[in-house]
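For reference, the structure is listed below as structure tokens.
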Amino acid sequence: MEASVPKVKHTEFRQGLQEGLSIAIGYTPIALTFGLLAKTTGLTLFETVFMSLVLYAGASQYIALNMFALGTGAAEMILTTFIVNIRHFLMSASLNEKVEEEVPWKKAVYAFGITDETFSVAATKQDTISTGFLFGLNLIAYTSWVMSSGIGYAIGAGLPQVLQESMTIALYAMFIGLLVPSLKKSMKVACLALLAAAFNSIFVFSKIMSSGWAIVAATLLSAILVEVVETIKDRGRTRHE
Numbered sequence: 003m004e005a006s007v008p009k010v011k012h013t014e015f016r017q018g019l020q021e022g023l024s025i026a027i028g029y030t031p032i033a034l035t036f037g038l039l040a041k042t043t044g045l046t047l048f049e050t051v052f053m054s055l056v057l058y059a060g061a062s063q064y065i066a067l068n069m070f071a072l073g074t075g076a077a078e079m080i081l082t083t084f085i086v087n088i089r090h091f092l093m094s095a096s097l098n099e100k101v102e103e104e105v106p107w108k109k110a111v112y113a114f115g116i117t118d119e120t121f122s123v124a125a126t127k128q129d130t131i132s133t134g135f136l137f138g139l140n141l142i143a144y145t146s147w148v149m150s151s152g153i154g155y156a157i158g159a160g161l162p163q164v165l166q167e168s169m170t171i172a173l174y175a176m177f178i179g180l181l182v183p184s185l186k187k188s189m190k191v192a193c194l195a196l197l198a199a200a201f202n203s204i205f206v207f208s209k210i211m212s213s214g215w216a217i218v219a220a221t222l223l224s225a226i227l228v229e230v231v232e233t234i235k236d237r238g239r240t241r242h243e
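Below, the structure is given as structure tokens:
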């Protein structure tokens with residue numbers, strides 16, 4: 003009976019790898035683009051791969067590239083990344099209710115690997131989620147992201163200098179590509195984006211603060227305002243009911 007336990011864990015790990023394969027494939031073009039843009043932004047290969055290894059957050063890494071190009075300070079970049087990724091606390095807490103009991107260090111390892119996509123796959127499982135499954139799911143997605151980032155950088159290094167410089171415009175095209183689908187689905191997201199853009203423009207053009215802190219302040223203010231309005235609207239509906 004005891005001999006079957008490692009076999010079961012191995013099977014669950016393999017299942018995680020299989021279910022994470024589609025995520026890994028989906029991450030490849032995005033990570034390749036990140037590596038390419040990192041090269042044109044001025045990062046080294048080590049810095050590019052290290053960012054993917056340590057940060058491992060697609061949208062935040064693109065935002066960090068933009069802030070790096072603007073010459074933003076480290077404090078602003080770290081705070082902005084934290085704000086953008088704060089949702090991961092909620093995702094980790096939610097999965098913690100479904101995952102089997104495990105020692106804290108193992109939980110910390112697989113919590114690091116949680117992304118929007120891996121969370122979606124794990125959260126839809128009906129049964130208790132095993133540690134082996136999460137390790138397999140996260141490992142294949144993480145490996146794909148890190149390796150593709152490095153490959154993208156290598157591709158960028160092989161492009162002519164003129165083309166490398168012109169590729170910086172692709173960073174803004176990527177932001178638009180990420181934002182538009184969300185705008186179509188939610189008016190709340192549209193209001194949040196417009197408010198953040200307005201606040202950021204006011205702060206930058208009035209020279210109240212640097213571009214880095216303007217992004218941080220605009221993000222916080224717009225999020226707070228949208229949530230306040232949503233809360234007031236919900237209370238109004240409750241009273242009418």
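Just so we're aligned: the sequence shown equals residues 3 to 243 in the numbering used here.
All residues carry an ideal CB built from backbone N, CA and C; glycine is no exception.
Residue environment analysis places Asn140 among the buried positions, since at least 16 neighbouring C-beta atoms fall within 10 angstroms of its C-beta. Exposed is the label assigned to Met189, since fewer than 16 other Cβ atoms lie within 10 Å of its Cβ. In chain order, Glu102 place their CB closer than 6 Å to the CB of Thr130, counting only its own chain and leaving out the 5 sequence neighbours on each side.
Beta-bridge annotation (DSSP): Ile131 is paired with Val101. Around the beta carbon of Glu229, fewer than 16 other beta carbons sit within 10 angstroms, so the residue counts as exposed.
For Leu196, the number of other beta carbons within 10 angstroms of its own is below 16, and it is reported as exposed. Annotated three-state conformation of Thr42 is helix, per DSSP.
Boundaries for Tyr58: no alpha helix (DSSP H) harbours it, and the DSSP string shows neither H nor E there.
Remark: C-beta atoms of Leu67 and Thr43 approach each other more closely than 8 Å. In the DSSP annotation of this structure, Ile210 is not part of any alpha helix (DSSP H), being labelled neither H nor E. In this structure, the straight-line span from the alpha carbon of Thr126 to that of Thr120 is close to 10 Å.
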